[in-house]
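Here the structure is laid out as structure tokens; the discussion comes afterwards.
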Amino acid sequence: MYKLQHVTKDILALSESDRRLSRFENIFPLPHGVSYNNYVILDDKTVLMDTADRSVADQFLENLRAALSGRPLDYLVVQHVEPDHAAMIGTVLSIFPEVTVVASKQAHMMIRQFFPGMAIPNTVEIKEGDTLELGSHTLHFVSAPMVHWPEVMVTYDDLDKVLFSADGFGSFGVVDGSIFADEHDFEKEYLDDARRYYANIVGKFGAQVQNLLKKAASLEISAICPLHGPVWRENLGWFIGKYQTWSAYTPETDDILVVYCSLYGHTESAALAAAAKLRAVSGKNVAVYDASETDTSFLISEVWRCAKVVLFCPTYNMGIYPKMETFLNDMAALLVQNRIFALAENGTWAPAAGKLMREKVSALKNVSVLEPTFTIRSAISEKDEARLDEFVEMIANA
Numbered sequence: 004m005y006k007l008q009h010v011t012k013d014i015l016a017l018s019e020s021d022r023r024l025s026r027f028e029n030i031f032p033l034p035h036g037v038s039y040n041n042y043v044i045l046d047d048k049t050v051l052m053d054t055a056d057r058s059v060a061d062q063f064l065e066n067l068r069a070a071l072s073g074r075p076l077d078y079l080v081v082q083h084v085e086p087d088h089a090a091m092i093g094t095v096l097s098i099f100p101e102v103t104v105v106a107s108k109q110a111h112m113m114i115r116q117f118f119p120g121m122a123i124p125n126t127v128e129i130k131e132g133d134t135l136e137l138g139s140h141t142l143h144f145v146s147a148p149m150v151h152w153p154e155v156m157v158t159y160d161d162l163d164k165v166l167f168s169a170d171g172f173g174s175f176g177v178v179d180g181s182i183f184a185d186e187h188d189f190e191k192e193y194l195d196d197a198r199r200y201y202a203n204i205v206g207k208f209g210a211q212v213q214n215l216l217k218k219a220a221s222l223e224i225s226a227i228c229p230l231h232g233p234v235w236r237e238n239l240g241w242f243i244g245k246y247q248t249w250s251a252y253t254p255e256t257d258d259i260l261v262v263y264c265s266l267y268g269h270t271e272s273a274a275l276a277a278a279a280k281l282r283a284v285s286g287k288n289v290a291v292y293d294a295s296e297t298d299t300s301f302l303i304s305e306v307w308r309c310a311k312v313v314l315f316c317p318t319y320n321m322g323i324y325p326k327m328e329t330f331l332n333d334m335a336a337l338l339v340q341n342r343i344f345a346l347a348e349n350g351t352w353a354p355a356a357g358k359l360m361r362e363k364v365s366a367l368k369n370v371s372v373l374e375p376t377f378t379i380r381s382a383i384s385e386k387d388e389a390r391l392d393e394f395v396e397m398i399a400n401a
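The following block contains the structure:
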């Protein structure tokens, strides 16, 4: 059965949910699934805003046919050519051979790369500031390079004041029932997924997101229609504020994050002891994760949320424990900034993880790496109590 909801009188939201996909981009776990959104504008001319992933092809086509209700499709606007939004372009062209494909120059090039040899009889190349007249509605195109691919455009409808935001303002998680954020408890149901989506997918491109937010600030926006997750039509400022915070690499809270790795439980014992003391001494919330059991994408999301990051790591093969090294490398790749780090190491005969972690973390922009590193020799014991207390006090007061 098709699933359509009116964003406005003329704009329909088509949303297809995939509960079976285990990993987004074959990397990021999807415990709550993912949705693929598309939008149809019905005016003198009809427009489809982006397509969908092949995994939801049947639902997408059923939704599209229901939305058009027998009308031809005049335009297909391709804002983003990543296959989870563009995989159905060829199918749409086979059903509507007269459709005009509207996309940026770079997007047209990428479409040809993904669909080599496919005939596209009618195309329009757009750039920043171009418009498309539909009748009552006029679409304005805004360049959004590296949010999060270089070809991305976002689209503003000047009649209904709707921003089609491509991958911006998206979220992991299926959309059950209503597609509208205000008809869910977004903070409880989607905020963690939205933050993890932003930090891992878009996080590296904070400067580019800031540029897009500056452009959006000049627009009167009544609704934000992303390609993943709920549509925003109320309390837009709250979610835009989250994007301002995340894209500025500013901690969302003053919470403390403790991440540890442990071969046989000794480093874990030290990390848990430190976390308990930190809660008592600082009065802050302290989140604790085992990097061997927690996918790095969740840890990255927590880095975006927390102001202080405490790392407990054993020395392994004279280096950093592999799971911790993966986490550190992801932080570097995603340009983590503006955080306070504290480091703890364990080593039975030659502790080295602390020095190596410090080198990696110190290379991040505008971070403080507290001194000294807390060192454990094999297992924490009563003789380490005073030093652990000093370590905790140092973190709490930093």
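Residue numbering for the sequence shown follows the working numbering, starting at 4 and increasing by one per position. We put the beta carbon where it would ideally sit given N, CA and C, even for glycine.
Look up residue i in the DSSP assignment and give the residues it is bridged to.
i: Asn349; result: Pro317, Ile379
i: His143; result: Thr134, Tyr159
i: Ala106; result: Glu128
i: Tyr263; result: Asp293, Phe315
i: Leu7; result: Leu17
i: Leu166; result: Tyr159, Ile227
i: Gly322; result: Tyr319
i: Lys280; result: The partner list for Lys280 (beta bridge, DSSP) is empty, contrary to what the question assumes.
Smallest Cα separation from residue i: which of the options?
i: Phe394; options: Pro375, Glu385, Ser384; result: Pro375
i: Phe31; options: Arg361, Asp196, Arg380, Ile383; result: Asp196
i: Ala356; options: Ser139, Cys316, Asp56; result: Cys316
i: Gln213; options: Gly244, Ile224, Leu230; result: Gly244
i: Ile44; options: Gln8, Thr329, Glu101; result: Gln8
i: Gly132; options: His187, Met149, Ala106; result: Ala106
i: Tyr246; options: Tyr267, Ser272, Leu216; result: Leu216
i: Val155; options: Lys386, Thr126, Lys191, Val145; result: Val145
i: Ser300; options: Thr329, Asn66, Leu275; result: Thr329
i: Pro124; options: Val104, Thr134, Ala110, Phe118; result: Val104
i: Asp387; options: Ile343, Ala277, Ala335; result: Ala277
i: Val127; options: Val10, Lys12, Asp161, Gln82; result: Gln82
i: Asp61; options: Leu17, Asn29, Thr256, Gly36; result: Leu17
i: Asp87; options: Ala69, Asp46, Val37; result: Val37
i: Glu385; options: Asn400, Ser365, Ala273; result: Ala273
i: Gly286; options: Pro153, Met52, Asn400; result: Asn400
i: Ser97; options: Phe377, Gly206, Glu186, Pro75; result: Pro75
i: Phe99; options: Ala110, Phe117, Arg68; result: Arg68
i: Ile14; options: Phe27, Arg23, Asp46; result: Asp46
i: Leu33; options: Lys130, Gly93, Glu101, Arg199; result: Arg199
i: Lys130; options: Thr351, Pro148, Tyr252, Gln116; result: Pro148
i: Phe172; options: Ile343, Gln116, Tyr201, Glu192; result: Tyr201
i: Ala336; options: Lys311, Lys207, Asp56, Trp235; result: Lys207
i: Ile92; options: Arg57, Glu65, Ser72; result: Arg57
i: Gly138; options: Asp161, Met121, Gln116; result: Asp161
i: Ser381; options: Tyr193, Tyr319, Leu373; result: Tyr319
i: Glu237; options: Phe189, Leu135, Asp298, Val50; result: Phe189
i: Val372; options: Arg361, Leu166, Lys6; result: Arg361
i: Ala366; options: Arg342, Val50, Ala251; result: Arg342
Measure the beta-carbon distance from residue i to residue j and round it to whole angstroms, keeping in mind my assumption that it falls under 8 Å.
i: Asp77; j: Lys48; result: 4 Å
i: Ser168; j: Pro233; result: Between Pro233 and Ser168 the Cβ distance is about 12 Å, and since that is not below 8 Å, they are no contact.
i: Asp170; j: His143; result: Rounded, the Cβ-Cβ distance is 19 Å, inconsistent with contact.
i: Val339; j: Val306; result: 6 Å
i: Ile204; j: Ile398; result: 30 Å between Cβ atoms; not a contact.
i: Asn332; j: Thr270; result: With 8 Å as the limit, Asn332 and Thr270 do not qualify as a contact, their Cβ atoms being about 20 Å apart.
i: Tyr42; j: Glu19; result: About 12 Å separates the two Cβ atoms, so there is no contact after all.
i: Glu396; j: Val262; result: Rounded, the Cβ-Cβ distance is 20 Å, inconsistent with contact.
i: Leu302; j: Tyr292; result: 6 Å
i: Val95; j: Leu79; result: 6 Å
i: Tyr324; j: Leu222; result: Going by Cβ atoms, the distance from Tyr324 to Leu222 rounds to 47 Å, so no, they are not a contact pair.
i: Met113; j: Val84; result: 4 Å
i: Leu359; j: Gly322; result: 6 Å
i: Cys228; j: Val165; result: 6 Å
By the three-class DSSP mapping on this structure, what secondary structure does residue i have?
i: Val312; result: strand
i: Gly180; result: coil
i: Glu101; result: coil
i: Ala294; result: coil
i: Val395; result: helix
i: Ile343; result: strand
i: Ser285; result: helix
i: Ser384; result: coil
i: Ser174; result: coil
i: Val370; result: coil
i: Val95; result: helix
i: Ala122; result: coil
i: Ala335; result: helix
i: Val150; result: coil
i: Gly268; result: coil
i: Asp188; result: coil
i: Asp87; result: helix
i: Ala197; result: helix
For the region 201-255, list the alpha helix (DSSP H) runs that are entirely contained and at least 4 residues long, ordered along the chain. 209-220, 239-250
Which ranges does the beta strand (DSSP E) cover as unbroken runs of at least 3 residues, wholly within the region 10-81, from first to last along the chain? 14-21, 37-45, 49-52, 78-80
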